[in-house]
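Sequence order for the protein chains is A and B.
Position 301 of the first sequence, counting from 1, maps to 301 under my numbering, and the rest follow consecutively.
Position 232 of the second sequence, counting from 1, maps to 232 under my numbering, and the rest follow consecutively.
Each remark here refers to the structure printed beneath this line.
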Amino acid sequence: MAVLQFREALRQAIDEEMNNDEDVFIMGEEVAEYNGAYKVTEGLLDTYGFKRVIDTPISELGFAGIGVGAAMNGLRPIIEFMTFNFAVLALDQIINHASKARYMLGGQVSIPIVFRGPNASAGQLGATHSVAYDAMYAMFPGLKVIYPSEPGDAKGLLKSAIRDDDPVIFMESEQMYGLKGEVSDEKDFTIPIGKAKIKREGDDVTIVATGKMYHIAKQAAEQLAKDGIEAEIIDPRTIKPFDTEAVVKSVKKTNRCVVVDESHPFGGLASEVAFLIQREAFDYLDAPVQRVTLPDVNAPFSKPLFDLWLPDAKNIIEAVNSVTYR
Amino acid sequence: MAKKKQEAIFTPIGNNGDDNGRIDKAVDLPEATNKSHKKLGLSDDQVTEMYEQMFLQRRFEERAMQMYQKGKFGGFLHLYIGQEAISTGTAFALKNDDDIITAYRDHGWGLVRGVTPKAGMAELFGKADGCSKGKGGSMHFANVKEHFWGGYGIVGGHIPLGGGLAFANKYKDNGRVTACFMGDGAVDQGALHETLNMSQLWKLPAIYVVENNGYSMGTAARRHTVGEIYERAHGYGMKNAVFNGMDVFTVYENMKKISEEVRKDNMPYFVEIRTYRYRGHSMSDPQKYRTKGELEEYQQTDPIERLKTYIIDKKVATKKELEEIEEQVEEAVLEAVEFADNAPFPKDEALYEDMFAGEPYFHH
């Protein structure tokens, strides 16, 4: 096991896959000469040259679509968005074209493309730079959505995403790029898309959390343990396909569940997971499923308001107290 | 005395439905080429093939319209009638492995790139034997094997895809040129401008072609866009051209020259081909935005009649020979209608097919 930063794990995945397959290339704002806005692509230009590491203008709609067309015509693009908050400009290409062209042409084209970049808030960046889009993409048939929380998962899943023959949305976080974690040294190490991981075992309550929220859940679990509550943390890692089985199995053991979701409350991941649990494990529940989400309010700038807005360990502990009737 | 306040006006006003006898043409047609087919390097056989193809596109759509009106199928039906010289002239000018992509007025493009009348008509009817297995319908004809990448339904949305096809061709250095067609309405979309900028900057072997048929749905070109369309290219330092789309030889001559130039120097082109849409935007369009006089004036320049006259005048073929071709086409189209009518609909299982190239996954 090597200990790597999240960004280094991502870079290794991209590097290895570019080395494996000439058709893989990376394109996005500042990925080449600047070495990446968050240094994920640092050094790749030196290794692979200007043909395969391509700086784009600030034209998300345009370069996302060029990526989709290139994928249709035999390449395997990795499209980096500086943040998924900017990918909103490219939604016509991701939703109307990447996810639909194969179906509407009766299977005549395939679109092996990865759209990747940071998701959700990264501190006090104001309302337009702070939204979590994972569940929104997961709503659309044909898109896979990955949002890992640790470097090892990130590397294994990004390699799988690049090898996937269909479009994949791969989400990261500005605040996790420097996070260190163990990454397998195993040659050609990959993690299958759609598999959750039990990150902490416990019998009293199941907490479902991924991405940045996993780390908040971990803090909450550590504090709860001091009070004698052992939480089991399931990190879905992949939003879609969602590993319902892993969550349901855990809930059948703990009989209680809190879902932590970095997005707003309406129609998000938390709602979907709560629905799945009531359908699959209704008789096992000792309390209604609770969720911890952002409020139905835009991201504020001011520090005290921002702290109030973003879910924290305290919110999770309160939710756990509610499902354990403490 | 206070000045009388004028009401603010934004969009230039259309014809307001009053036909005062004045013909306000939506597009001005540049002169057609005066070169003979021999001078253009086209054989007699190629010219009659062009005629056959244009006549096929016309009859296919006229029959499709009848079937639509009879209630044989639903959805949208955007007709290409009047614009056949563009698809035909282009397909003859390009190499067979050059890539073509277009918007939703795509039947002619499918037919000229190997979608058989049967597969095309079956697609309109939503049948399993359709060129896109009945999953796409009128707007999504495609024949990727013959490098026709499809019709797309979001105005301007396929323009970056065209850029991407060209990007991959340059990446693979395979010498293929991409021709990306769009209507004049797409000129107003940001996707075009982002793609033009990157194409020029990245030297993509692509030709972006506006089929200016005078109307963005029901809005005349002069009411939806400023200046001359082809002049937009100046802003990107891109090579450009404007020419007559009602004459198949003119389209052939220009597209041949342009495609060879793009193939040679990898620099993109922005092209405006002026044409005219005889029918409404789609089947539900009452066409109140134009006068009968205008339509009739353009119909006098009909590309199929024009070629027919040329063929007979220059003795490329006899009137009788052309009539034989017409009969064969008519028969093929009627057969296609019968085929489509009797062909099976997709099986229920097909609902879940063609979503994924890899392992399928459906959330339940």
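Idealized CB from N, CA, C, for every residue including glycine.
What you are looking at is a predicted structure, and each value in this text was computed from that prediction instead of being measured.
Pick from the options that is closest to residue i, judged by C-alpha positions
{"i": "K253 of chain A", "options": "A:I198, A:D261, A:A161", "result": "A:I198"}
{"i": "E330 of chain B", "options": "B:D44, B:K5, B:K39, B:E61", "result": "B:E61"}
{"i": "L310 of chain A", "options": "A:V205, A:K195, A:V131, A:V258", "result": "A:V131"}
{"i": "A225 of chain A", "options": "A:P241, A:E8, A:E245, A:R200", "result": "A:R200"}
{"i": "A313 of chain A", "options": "A:I216, A:T244, A:Y133", "result": "A:I216"}
{"i": "R279 of chain B", "options": "B:M267, B:M65, B:N34, B:N254", "result": "B:M65"}
{"i": "Q328 of chain B", "options": "B:A357, B:L56, B:P30, B:A26", "result": "B:L56"}
{"i": "H147 of chain B", "options": "B:R176, B:Y80, B:E326, B:D97", "result": "B:D97"}
{"i": "A127 of chain A", "options": "A:L10, A:F86, A:F242", "result": "A:F86"}
{"i": "D23 of chain A", "options": "A:P77, A:G178, A:K39, A:I14", "result": "A:P77"}
{"i": "V320 of chain A", "options": "A:D307, A:V289, A:A299, A:L308", "result": "A:V289"}
{"i": "K70 of chain B", "options": "B:D341, B:G358, B:M355", "result": "B:D341"}
{"i": "Y269 of chain B", "options": "B:V210, B:W149, B:N244", "result": "B:V210"}
{"i": "P192 of chain A", "options": "A:I316, A:P241, A:L91, A:M136", "result": "A:P241"}
{"i": "E353 of chain B", "options": "A:V88, A:G156, A:Y103", "result": "A:Y103"}
{"i": "E326 of chain B", "options": "B:V177, B:T48, B:H224", "result": "B:T48"}
{"i": "E260 of chain B", "options": "B:V248, B:T88, B:I207, B:Q6", "result": "B:I207"}
{"i": "S59 of chain A", "options": "A:F50, A:L89, A:N20", "result": "A:L89"}
{"i": "A98 of chain A", "options": "B:E52, B:Y152, B:R59", "result": "B:Y152"}
{"i": "V251 of chain A", "options": "A:I54, A:Y133, A:D283, A:D55", "result": "A:D283"}
{"i": "E231 of chain B", "options": "B:F339, B:V271, B:K257, B:M121", "result": "B:V271"}
{"i": "F339 of chain B", "options": "B:K72, B:G235, B:G358", "result": "B:K72"}
Three-state secondary structure (DSSP) of residue i
{"i": "Q290 of chain A", "result": "strand"}
{"i": "Q124 of chain A", "result": "coil"}
{"i": "L10 of chain A", "result": "helix"}
{"i": "I216 of chain A", "result": "helix"}
{"i": "K315 of chain B", "result": "coil"}
{"i": "L285 of chain A", "result": "coil"}
{"i": "V31 of chain A", "result": "coil"}
{"i": "K264 of chain B", "result": "helix"}
{"i": "Q5 of chain A", "result": "strand"}
{"i": "A357 of chain B", "result": "coil"}
{"i": "R116 of chain A", "result": "strand"}
{"i": "V53 of chain A", "result": "strand"}
{"i": "T116 of chain B", "result": "coil"}
{"i": "P77 of chain A", "result": "strand"}
{"i": "A194 of chain B", "result": "The residue you asked about is not Ala; residue 194 of chain B is Glu in the sequence shown. In this structure, E194 of chain B counts as helix in the three-state DSSP scheme."}
{"i": "G151 of chain B", "result": "strand"}
{"i": "N244 of chain B", "result": "strand"}
{"i": "D129 of chain B", "result": "coil"}
{"i": "A179 of chain B", "result": "strand"}
Residue i and residue j closer than 8 Å at C-beta
{"i": "I159 of chain B", "j": "L192 of chain B", "result": "yes"}
{"i": "K159 of chain A", "j": "T210 of chain A", "result": "no"}
{"i": "A70 of chain A", "j": "I94 of chain A", "result": "no"}
{"i": "C257 of chain A", "j": "V323 of chain A", "result": "yes"}
{"i": "A37 of chain A", "j": "L45 of chain A", "result": "no"}
{"i": "P118 of chain A", "j": "T83 of chain A", "result": "yes"}
{"i": "M238 of chain B", "j": "A93 of chain B", "result": "no"}
{"i": "E305 of chain B", "j": "L40 of chain B", "result": "no"}
{"i": "L105 of chain A", "j": "H37 of chain B", "result": "no"}
{"i": "A26 of chain B", "j": "A221 of chain B", "result": "yes"}
{"i": "P303 of chain B", "j": "A85 of chain B", "result": "yes"}
{"i": "E174 of chain A", "j": "D203 of chain A", "result": "no"}
{"i": "R274 of chain B", "j": "G245 of chain B", "result": "yes"}
{"i": "K155 of chain A", "j": "A281 of chain A", "result": "no"}
{"i": "Q5 of chain A", "j": "G178 of chain A", "result": "yes"}
{"i": "L61 of chain A", "j": "D15 of chain A", "result": "no"}
Cβ separation of residue i and residue j, assumed to be a contact under 8 Å, to the nearest whole Å
{"i": "I79 of chain A", "j": "G28 of chain A", "result": "6 Å"}
{"i": "T90 of chain B", "j": "A179 of chain B", "result": "6 Å"}
{"i": "A270 of chain A", "j": "V259 of chain A", "result": "4 Å"}
{"i": "L276 of chain A", "j": "T244 of chain A", "result": "5 Å"}
{"i": "G107 of chain A", "j": "Y361 of chain B", "result": "Actually they do not touch by this definition, with Cβ atoms about 16 Å apart."}
{"i": "K249 of chain A", "j": "Q124 of chain A", "result": "Actually they do not touch by this definition, with Cβ atoms about 39 Å apart."}
{"i": "G142 of chain A", "j": "M355 of chain B", "result": "6 Å"}
{"i": "V248 of chain B", "j": "L307 of chain B", "result": "6 Å"}
{"i": "I234 of chain A", "j": "K218 of chain A", "result": "Contact doesn't hold; Cβ gap of about 12 Å is too wide."}
Residue-chain proximity (residue i, chain E), Cβ-Cβ < 8 Å
{"i": "M355 of chain B", "result": "The chain labelled as chain E is not found among the protein chains of the depicted structure, namely A and B."}
Touching by the beta-carbon criterion (3+ pairs, under 8 Å), the segment 174-190 of chain B and the segment 209-223 of chain B: yes
Any 3 or more C-beta pairs closer than 8 Å across the segment 292-302 of chain A and the segment 260-274 of chain A: yes
Segment contact, 8 Å Cβ cut-off, at least three pairs: the segment 159-172 of chain B with the segment 123-131 of chain B: no
The segment 159-171 of chain A in contact with the segment 332-340 of chain B per 3-pair CB rule at 8 Å: no
Cβ contact check for the segment 168-178 of chain B and the segment 67-81 of chain A: 3 or more pairs under 8 Å: yes
At least three beta-carbon pairs within less than 8 Å, the segment 343-363 of chain B to the segment 279-293 of chain B: no
contact_flag[the segment 104-112 of chain B, the segment 76-95 of chain B] where n(CB pairs < 8 Å) is 3 or more: yes
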